[in-house]
Amino acid sequence: MSELIVAKFGGTSVADFPAMSRCADIVLADPRIRVVVVSASAGVTNQLVAIAQQTQLHARFTAYTDIERITMAVLQALQHPEAVAAQIELLLSELRQLIEQAGPVFSVQQKDELLSFGERLSSVLFTQVLAERDAAVACFDSRLVMRTDSHFGKAEPQVDAIRALCQQQLQPLLASERLVMQGFIGADAQGQTTTLGRGGSDYSAALLGEALDATVVQIWTDVVGIFTTDPRLTEQARCIREISFDEAAEMATFGAKVLHPATLLPAVRQNIRVFVGSSREPQAGGTWIAREVTERPAYRAIALRKSQTLITVKSPAMLHAAGFLTRVFDVLSRHHISVDLVTTSEISVALTLDEAPGSAFDSLTETAIEELRQLGDVQVEHGLSLVAVIGNHLHSSRGITGELFQALEGVNMRMICHGASKHNLCFLVQDADASPVVKQLHQSLFAA
Numbered sequence: 001m002s003e004l005i006v007a008k009f010g011g012t013s014v015a016d017f018p019a020m021s022r023c024a025d026i027v028l029a030d031p032r033i034r035v036v037v038v039s040a041s042a043g044v045t046n047q048l049v050a051i052a053q054q055t056q057l058h059a060r061f062t063a064y065t066d067i068e069r070i071t072m073a074v075l076q077a078l079q080h081p082e083a084v085a086a087q088i089e090l091l092l093s094e095l096r097q098l099i100e101q102a103g104p105v106f107s108v109q110q111k112d113e114l115l116s117f118g119e120r121l122s123s124v125l126f127t128q129v130l131a132e133r134d135a136a137v138a139c140f141d142s143r144l145v146m147r148t149d150s151h152f153g154k155a156e157p158q159v160d161a162i163r164a165l166c167q168q169q170l171q172p173l174l175a176s177e178r179l180v181m182q183g184f185i186g187a188d189a190q191g192q193t194t195t196l197g198r199g200g201s202d203y204s205a206a207l208l209g210e211a212l213d214a215t216v217v218q219i220w221t222d223v224v225g226i227f228t229t230d231p232r233l234t235e236q237a238r239c240i241r242e243i244s245f246d247e248a249a250e251m252a253t254f255g256a257k258v259l260h261p262a263t264l265l266p267a268v269r270q271n272i273r274v275f276v277g278s279s280r281e282p283q284a285g286g287t288w289i290a291r292e293v294t295e296r297p298a299y300r301a302i303a304l305r306k307s308q309t310l311i312t313v314k315s316p317a318m319l320h321a322a323g324f325l326t327r328v329f330d331v332l333s334r335h336h337i338s339v340d341l342v343t344t345s346e347i348s349v350a351l352t353l354d355e356a357p358g359s360a361f362d363s364l365t366e367t368a369i370e371e372l373r374q375l376g377d378v379q380v381e382h383g384l385s386l387v388a389v390i391g392n393h394l395h396s397s398r399g400i401t402g403e404l405f406q407a408l409e410g411v412n413m414r415m416i417c418h419g420a421s422k423h424n425l426c427f428l429v430q431d432a433d434a435s436p437v438v439k440q441l442h443q444s445l446f447a448a
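According to full-length UniProt numbering, the sequence shown is numbered sequentially starting from 1.
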């Protein structure tokens, strides 16, 4: 097959039967779309997470009831629900059994098994939606080809193994039928279910695209592409029609919710173009992400990531001393704490952590802080937001920093990071100031 497209549909895009029908229109309109990757229907993963967090069986089944309601609503809207009713009931039965058999606390392995049910349910339903349009389609278990390590909760894909398995098991099927697959989930060498971390469905699609030598990976969501900033922060935000891999990676890393940070890694490796569009408005176009773009403006976008922690380690012993930073990062490494921004002075080092669930902040235990205190005075500040200005040649373009700081006159910035990347300039502000700052900065930098 000369051209192959992998299309991924997010949770809101497969939220219910009407939403799935819109996605079916998109798939069937383009014969090049041969692999479809789906997330769990909107709300289902949240309820699965709630089940994992509950210790009481009654509370777990309260959340389960919502999952069943969302699933059955789609099933009952099908023309021929009997075609997949047994599969759906089997999955729901397995889910109930897992809930009942788990102890007060789910093991990490059980939690990944639990979280896999959202995608497993939605993929069966969406396959039937396509089948009822007379499409040649099959539901394929991603765990058969998405090989990962055994790091439950955030498993690392084994790229070479994934490619070999896809070429062996998927490629022969694609000429005769479309395949609907589950995002977010995989399996280790022992066949145990793993997950790629929250938001991993985008990553799954890109990994499959890489393994199958796809020409395009489409990410269908509930927004019309990637915007110059979050449209909820300012009405002046506008859709970016094209953006480079480098810029998009910076945006994803620093808070743009529309794209998972890891998505672009496989696309960059294979030079696969990525399209981001709205399944509600496919005719409205979207954003193309590619290695080469026609324009590389100084300012491309502004990203915002709230709930950041600033850690400052200060020690006079650092003055002209070798090895101080090594000792600081040795503590962080041993506690599996990855940092985002780092700045240093003669006697201090400041670094930021993201407080999002599943991030490095979870590893910032009192033990880790105490170990840092052995090196110097430690201050930990919460309630901060990271603002990132994304663009091109920000480290070398004349007048860039002057424009930025003039626009932010009067704003108390806690930390500034500039020069490490030519694609971003980052700073920290108080959470309460974050939204007004982004709105003000967007007005200054992007006003027509």
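Where a beta carbon is used, it is the ideal one built from N, C-alpha and C, also for glycine.
When DSSP builds the beta bridges, which residues end up paired with residue i?
i	result
serine 379	For the record, residue 379 in the displayed sequence is glutamine; it is not serine. DSSP output for glutamine 379 lists Thr312 as bridge partner(s).
glutamate 409	Glutamate 409 pairs with nothing; no bridge assigned.
alanine 368	Looking at the DSSP assignment, alanine 368 forms no beta bridge with any residue, so it has no partner.
glutamate 242	Trp288
tyrosine 299	Gly391
aspartate 354	Gln308
glycine 186	Thr194
alanine 7	Val36 and Gln218
valine 342	Leu351
serine 385	Val429
phenylalanine 227	Cys239
In terms of residue numbering, what span does the alpha helix (DSSP H) encompassing residue i cover?
i	result
alanine 267	264 to 270
glutamine 76	57 to 77
arginine 120	117 to 131
valine 429	Segment 424 to 430 is the beta strand (DSSP E) holding valine 429; no alpha helix (DSSP H) there.
glutamine 171	171 to 174
glutamine 374	Where glutamine 374 is concerned, there is no enclosing alpha helix (DSSP H), given that its DSSP letter is neither H nor E.
arginine 22	17 to 28
arginine 96	82 to 101
glycine 200	200 to 211
In this structure, does DSSP put residue i in helix, strand or coil?
i	result
asparagine 392	coil
residue 459	This structure leaves residue 459 out entirely; the chain is present only between 1 and 448.
alanine 360	Low confidence applies to alanine 360: its pLDDT is 49, below 50, so where it sits in the model is not reliable enough to give any reading.
threonine 326	helix
glutamine 192	coil
aspartate 134	coil
alanine 237	coil
phenylalanine 446	helix
proline 436	helix
residue 537	Only positions 1 to 448 of the chain appear in the structure, and residue 537 is not among them; the question remains open.
arginine 143	helix
threonine 148	strand
residue 449	In this structure the chain extends from 1 to 448, so residue 449 is not present and cannot be described.
leucine 404	helix
threonine 45	helix
residue 449	Nothing can be reported for residue 449: it is not among the residues displayed for the chain, which extend from 1 to 448.
leucine 259	coil
proline 104	coil
Exposed or buried, residue i, counting other C-beta atoms within 10 Å across all chains shown (16 or more means buried)?
i	result
glutamine 97	exposed
asparagine 271	exposed
alanine 214	buried
phenylalanine 405	exposed
glutamate 346	exposed
glutamate 113	buried
valine 137	buried
aspartate 30	exposed
valine 429	buried
leucine 90	exposed
leucine 310	buried
glutamate 119	buried
glutamine 53	exposed
alanine 284	exposed
aspartate 188	buried
arginine 232	exposed
How far does the beta strand (DSSP E) with residue i in it extend, from its first residue to its last?
i	result
histidine 418	415 to 418
isoleucine 162	From DSSP, isoleucine 162 is part of no beta strand (DSSP E) but of the alpha helix (DSSP H) over 159 to 165.
methionine 181	178 to 182
phenylalanine 275	273 to 278
If we count Cβ pairs, one from each stretch, closer than 8 Å, do we get three or more for the segment 234 to 246 versus the segment 289 to 307? yes
Determine, using beta-carbon pairs with one atom in the segment 362 to 376 and one in the segment 401 to 418, whether at least three such pairs fall under 8 Å. no
Contact between the segment 197 to 207 and the segment 1 to 18 is defined here as three or more beta-carbon pairs at a separation below 8 Å; is this criterion met? yes
Is it a yes or a no for the segment 20 to 37 touching the segment 126 to 140, going by three-plus beta-carbon pairs under 8 Å? yes
Using 8 Å as the threshold, is the segment 69 to 83 in touch with the segment 14 to 29, meaning 3 or more CB pairs across them? yes
Per the contact definition of three or more C-beta pairs closer than 8 Å, is the segment 259 to 276 in contact with the segment 216 to 228? yes
Is there contact here, the segment 145 to 164 with the segment 76 to 95, by at least three beta-carbon pairs under 8 Å? no
For the segment 381 to 396 and the segment 297 to 315, state whether three or more C-beta atom pairs, one from each stretch, are separated by less than 8 Å. yes
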